[in-house]
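Below: the structure, in structure tokens.
Number of protein chains: 2
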Amino acid sequence: MEPDILELESFLPYRLYRLADAVSREFSRIYRDRHGLTRPEWRTLSGLGQRGTMTATELGEQSAMHKTKVSRAVAELERRRWLTRTPDESDRRVEHLALTKAGLTAYREMVPLAKAFERQLLERLSHQERAAIVSGVAALEGALEGK
Amino acid sequence: MEPDILELESFLPYRLYRLADAVSREFSRIYRDRHGLTRPEWRTLSGLGQRGTMTATELGEQSAMHKTKVSRAVAELERRRWLTRTPDESDRRVEHLALTKAGLTAYREMVPLAKAFERQLLERLSHQERAAIVSGVAALEGALEGK
DNA sequence: CCAAACTGGTTTCATCTGTAACCATCGAAA
DNA sequence: TTTCGATGGTTACAGATGAAACCAGTTTGG
Chain A
2 MEPDILELES FLPYRLYRLA DAVSREFSRI YRDRHGLTRP EWRTLSGLGQ
52 RGTMTATELG EQSAMHKTKV SRAVAELERR RWLTRTPDES DRRVEHLALT
102 KAGLTAYREM VPLAKAFERQ LLERLSHQER AAIVSGVAAL EGALEGK
Chain B
2 MEPDILELES FLPYRLYRLA DAVSREFSRI YRDRHGLTRP EWRTLSGLGQ
52 RGTMTATELG EQSAMHKTKV SRAVAELERR RWLTRTPDES DRRVEHLALT
102 KAGLTAYREM VPLAKAFERQ LLERLSHQER AAIVSGVAAL EGALEGK
């Protein structure tokens with residue numbers, strides 16, 4: 002434990018990032034191989050599938066994406082005819098986004114795969130470990146939220 | 002709990018990624034504001050500061066970076082004269098990388114900042130929460146390692 | 001009523017990224 | 001030896017990214 006040395010392998014920000022990156026990389030194969038989606042596109046699909054209708058801003062908040070990411074993901078899903086935009090009645094800057102039939106089909110196909118992925122990941126852990134990661138993540142989220 | 006809906010906010014891969022991204026973004030200000038380093042450059046600096054001497058391949062393994070990232074980060078740190086390359090005696094493909102005086106100075110300046118960042122992050126958690134996140138991350142790392 | 005500040009969303013630009021192709025060198029096997 | 005597959009490292013290319021500028025529409029204050 003040299004005081005003036007940082008052990009990268011034990012440094013929480015690094016470990017957290019590496020872990021998330023590995024998990025996300027694994028998971029991305031599900032939407033990339035199957036439909037050639039990017040992560041922002043997947044999140045957009047997922048957000049709209051879950052909520053039904055959202056504006057781009059809401060989507061960005063819900064799925065923690067920069068607004069340019071949202072804009073591009075929405076444009077691409079629209080190009081695929083997986084979603085449609087409906088102008089807001091009272092505020093003409095706003096568009097309400099919703100999945101089309103085709104988009105919904107893709108969403109419904111992916112939900113079980115996503116759930117299975119998560120389940121299989123957690124299955125490798127003991128009950129205690131599972132509880133630890135879930136509550137630990139929640140605690141850190143809360144800590145960041147709070148300030 | 003609709004069975005055919007995925008709740009993004011509770012989906013572990015998403016939460017993990019968002020958390021890591023937020024933490025990493027916060028932390029990046031330390032090396033970005035101060036020295037204009039990118040994450041790969043910071044990891045390279047950190048790896049060499051910690052270990053003293055490494056080859057590019059070793060660096061990539063230690064800090065979980067793609068070899069092109071390593072290559073570019075090393076090139077940039079070399080341009081700054083923060084590290085030097087020494088050709089290996091017996092294998093002329095290999096270069097041993099080490100920090101210069103200037104590189105070491107920058108490293109030594111950042112280590113306390115990094116440690117303080119981690120400490121302040123964990124300070125916001127209770128003992129139980131701290132234990133949970135640390136052991137939870139370790140468990141997931143192990144699970145991914147194992148297969 | 002009008003200007004200024006603000007907000008939803010897009011685009012531009014410069015940078016970062018990964019894949020794949022590449023070059024040089026090495027080691028093993030014939 | 002010579003050849004050929006593997007390995008250390010760089011580069012080219014095509015996409016993905018974020019900051020900042022932008023456009024259109026909206027709200028606020030005078």
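Each protein sequence line maps, in turn, to chains A and B.
Counting with our numbering, you get residues 2 to 148 for the letters of the first sequence.
Counting with our numbering, you get residues 2 to 148 for the letters of the second sequence.
Even glycine gets a Cβ: it sits at the ideal position worked out from N, Cα and C.
Everything numeric in this text was worked out from a predicted model, so none of it was measured.
- When DSSP states are grouped into helix, strand and coil, residue 55 (chain B) belongs to the strand group.
- Close to residue 46 (chain B), with beta-carbon spacing below 7 Å, lies no residue of chain A; the smallest spacing is near 10 Å.
- A Cβ-Cβ distance of about 17 Å is found for the pair residue 89 (chain A) and residue 79 (chain A), leaving them out of contact under the 8 Å criterion.
- Taken residue by residue, none of the stretch 29-42 of chain A has a beta-carbon sitting less than 7 Å from a beta-carbon on chain B.
- In this structure, the alpha-carbon of residue 26 (chain B) lies about 12 Å from that of residue 17 (chain A).
- Within chain B, no C-beta atom comes nearer than 9 Å to that of residue 90 (chain A); the closest sits roughly 27 Å away.
- The count of Cβ pairs closer than 8 Å, one atom from the stretch 130-143 of chain B and one from the stretch 130-140 of chain A, reaches three, so the stretches are in contact.
- Taking C-beta atoms as the reference points, residue 51 (chain B) and residue 13 (chain A) fail to come closer than 9 Å.
- Our two residues, residue 82 (chain A) and residue 10 (chain A), have alpha carbons roughly 45 Å apart in a direct line.
- Between the C-alpha atoms of residue 65 (chain A) and residue 42 (chain A) there is a straight-line separation of about 13 Å.
- Against chain A, the CB of residue 70 (chain B) has no partner CB under 9 Å away; the residue lies outside that interface.
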